[in-house]
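Novice: Here it is, the structure, as structure tokens.
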Amino acid sequence: MTPAEIAPKDRLIVALDVPSVDAAEAMVGRLGDSVTFYKIGYQLAYAGGLPLIGKLADKGKKIFADLKMHDIGNTVTRGVESVAKLGATFVTVHAYPQTMKGAVEGRGSASLKILAVTVLTSYNDDDLHAAGYRLGVSELVEARAQQAQVLGIDGLVSSPEEVGSLRKIVGHQMRLVTPGIRPAGSASGDQKRIMTPGRAISAGADYLVVGRPVVEAADPKAIAESIQAEVAQALG
Ligand SMILES: O=c1ccn([C@@H]2O[C@H](COP(=O)(O)O)[C@@H](O)[C@H]2O)c(=O)[nH]1
């Protein structure tokens, strides 16, 4: 599927950042047919949420397993081989060369797509320097994107702020998936590189990941639908 063929509604990925499988199933029930794509990350995965991948996939939903793997190459390869059997559409690894190489090997010819997390959206230049990096956010994101492309990674996770420069590097061959999305007026929380849904799509993002603004809303379905409407408007 080319990016242009992705329906506006399918571009919203709701992060099921909730404490239990029961809470996740209740949220999916409240969102109903409005939301087609879900992300399962640390909070739910470590609360027994991995079997939900197959369960939701059987109901026609797409699942992004945001496991952010990072280990020695062989362990990543074997981990990705296991995830490939769960029914997820995307899985994340951190964008380190050995890790990405191991992940591509583990994916083999499976339909699972590997996304490399470039620089977490809660980081700015100061955070990177404090962690011992010489490069700033934009330089590190670009360097990692180039490595990811050479290694055969399917897509990149970055903030929407980097999407314009990433498109110039990777063209339309790789999916660009952006957390750090905040509808106008919503709290940024710990996110430091943020954008509204409409601006992120106009910048060239393929998918938007939204957690707290949806799952902590009084009416999650209404917020999800308003984000999808903003996406559709930005796509024209
Ligand atoms: O760089 C990254 C990579 C992953 N995430 C994940 O996305 C969601 C965002 O949730 P919000 O509540 O909308 O901030 C969350 O699950 C993160 O683990 C990210 O934010 N940044």
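Residues in the sequence shown are numbered consecutively from 1, following UniProt numbering. C-beta: ideal position from N, C-alpha, C; glycine also. Since the model is a prediction, treat every value here as computed from it, not as a measurement.
(1) For Val-210, count neighbouring Cβ atoms within 10 angstroms of its own Cβ and tell me buried if that reaches 16, exposed if not.
(2) Determine, using beta carbons only, whether Val-177 and Gly-198 come nearer to each other than 9 Å.
(3) By Cβ distance below 6 Å, which residues in the same chain neighbour Ala-234 in space, the five residues on each side in sequence not counted?
(4) Round the Cβ separation of Thr-36 and Lys-68 to the nearest angstrom and send it over; I've been treating them as touching at under 8 Å.
(5) Using the C-alpha atoms, what's the distance from Gly-29 back to Ala-148?
(6) Quick check on Thr-178: does DSSP put it in helix, strand or coil?
(7) For Lys-168, which of Val-141, Ser-188, Tyr-38 has the nearest alpha-carbon?
(8) Taking the alpha-carbon of Gly-180 as reference, which of Val-163, Ala-65, His-129, Asp-219 has the nearest alpha-carbon?
(9) Could you tell me whether the stretch 11-27 touches the stretch 37-44, using the rule of 3 or more Cβ pairs below 8 Å?
(10) Under the three-state reduction of DSSP, which class applies to Lys-39: helix, strand or coil?
(11) For Met-27, which beta-bridge partners are listed by DSSP?
(12) Since I believe Gly-79 is in contact with Ala-57 (beta carbons under 8 Å), could you give me their beta-carbon distance rounded to a whole number of angstroms?
(13) Going by alpha carbons, who is nearest to Leu-52 out of Gly-32, Gly-73, Leu-16?
(14) Under 8 Å by Cβ, that's how I've got Val-157 and Val-214 pegged, so tell me the actual separation to the nearest angstrom.
(15) Along the chain, which unbroken stretches of the alpha helix (DSSP H) at least 4 residues long are found entirely within the stretch 136-166?
(16) Using 8 Å as the cut-off, classify the Cβ of Thr-89 as near or not near the heavy atoms of ligand 1, replying yes or no.
(17) Looking at C-alpha atoms only, which residue of Leu-135, Ala-187, Glu-5, Glu-105 is the closest neighbour of Ile-72?
(18) Would you give the residue range spanned by the beta strand (DSSP E) that Thr-92 belongs to?
(19) Could you give the distance in angstroms between the alpha-carbon of Thr-89 and the alpha-carbon of Gln-98?
(20) For Asp-66, which of helix, strand or coil comes out of DSSP?
(21) Which two residues bound the contiguous beta strand (DSSP E) that contains Val-209?
(22) Identify whether Ala-15 lies in helix, strand or coil by the three-state DSSP scheme.
(23) Could you compute how far the alpha carbon of Gln-191 sits from the alpha carbon of Gly-60?
(24) Measuring only the C-alpha atoms, how far is Gly-185 from Ser-20?
Specialist: The structure says:
(1) Here residue 210 refers to the residue found at position 210 of the sequence shown. Val-210 is buried by the Cβ-count criterion.
(2) Counted from its first residue, the sequence shown places residue 177 at position 177. Counted from its first residue, the sequence shown places residue 198 at position 198. Not closer than 9 Å, so no.
(3) As a first step, residue 234 is located in the sequence shown; it is residue number 234 there, counting from the start. Around Ala-234: Gly-198, Ile-201, Ser-202.
(4) The residue given as residue 36 occupies position 36 in the sequence shown. The residue given as residue 68 occupies position 68 in the sequence shown. With a Cβ gap of about 23 Å, Thr-36 and Lys-68 do not count as contacting.
(5) Locating residue 148 in the sequence shown gives position 148, counting from the first residue. Locating residue 29 in the sequence shown gives position 29, counting from the first residue. The alpha-carbon atoms of Ala-148 and Gly-29 are separated by roughly 36 Å.
(6) If you number the sequence shown from 1, residue 178 lands on position 178. Three-state result, Thr-178: strand.
(7) Taking the first residue of the sequence shown as 1, we reach residue 168 at position 168. Among Val-141, Ser-188, Tyr-38, the Cα nearest to that of Lys-168 is on Val-141.
(8) Translated into positions along the sequence shown, residue 180 becomes position 180. With distances taken between Cα atoms, Gly-180 lies closest to Val-163.
(9) yes
(10) Within the sequence shown, the letter at position 39 stands for residue 39. DSSP places Lys-39 in strand when its eight states are reduced to three.
(11) Along the sequence shown, read from residue 1 onward, the residue named residue 27 stands at position 27. DSSP lists no partner for Met-27.
(12) Numbered from its first residue, the sequence shown carries residue 57 at position 57. Numbered from its first residue, the sequence shown carries residue 79 at position 79. Going by Cβ atoms, the distance from Ala-57 to Gly-79 rounds to 19 Å, so no, they are not a contact pair.
(13) Within the sequence shown, numbered from 1, the residue matching residue 52 stands at position 52. Of the listed residues, the one whose Cα sits closest to Leu-52 is Leu-16.
(14) Position 157 of the sequence shown, counted from the first residue, corresponds to residue 157. Position 214 of the sequence shown, counted from the first residue, corresponds to residue 214. At roughly 18 Å, the Cβ-Cβ gap does not stay under 8 Å, so Val-157 and Val-214 are not in contact.
(15) 137-151
(16) The count along the sequence shown starts at 1 and reaches residue 89 at position 89. The answer is no for Thr-89.
(17) Position 72 of the sequence shown, counted from the first residue, corresponds to residue 72. Closest option to Ile-72, Cα to Cα, is Glu-105.
(18) As a position in the sequence shown, residue 92 is number 92, starting the count at 1. Residues 90-94.
(19) Residue mapping note: residue 89 aligns to position 89 of the sequence shown, counting from 1. Residue mapping note: residue 98 aligns to position 98 of the sequence shown, counting from 1. For Thr-89 and Gln-98, the distance between alpha carbons rounds to 22 Å.
(20) Mapped onto the sequence shown, residue 66 falls at position 66. Asp-66: strand per DSSP, three-state reduction.
(21) One-based indexing of the sequence shown puts residue 209 at position 209. Note, Val-209: beta strand (DSSP E), 207-210.
(22) Here the question's residue 15 lines up with position 15 in the sequence shown. Reduced to three states, the DSSP call for Ala-15 is strand.
(23) Position 191 of the sequence shown, counted from the first residue, corresponds to residue 191. Position 60 of the sequence shown, counted from the first residue, corresponds to residue 60. So the alpha carbons of these two residues sit roughly 31 Å apart.
(24) In the sequence shown, counting from the first residue as 1, residue 185 sits at position 185. In the sequence shown, counting from the first residue as 1, residue 20 sits at position 20. Cα to Cα, the separation comes out at about 28 Å.
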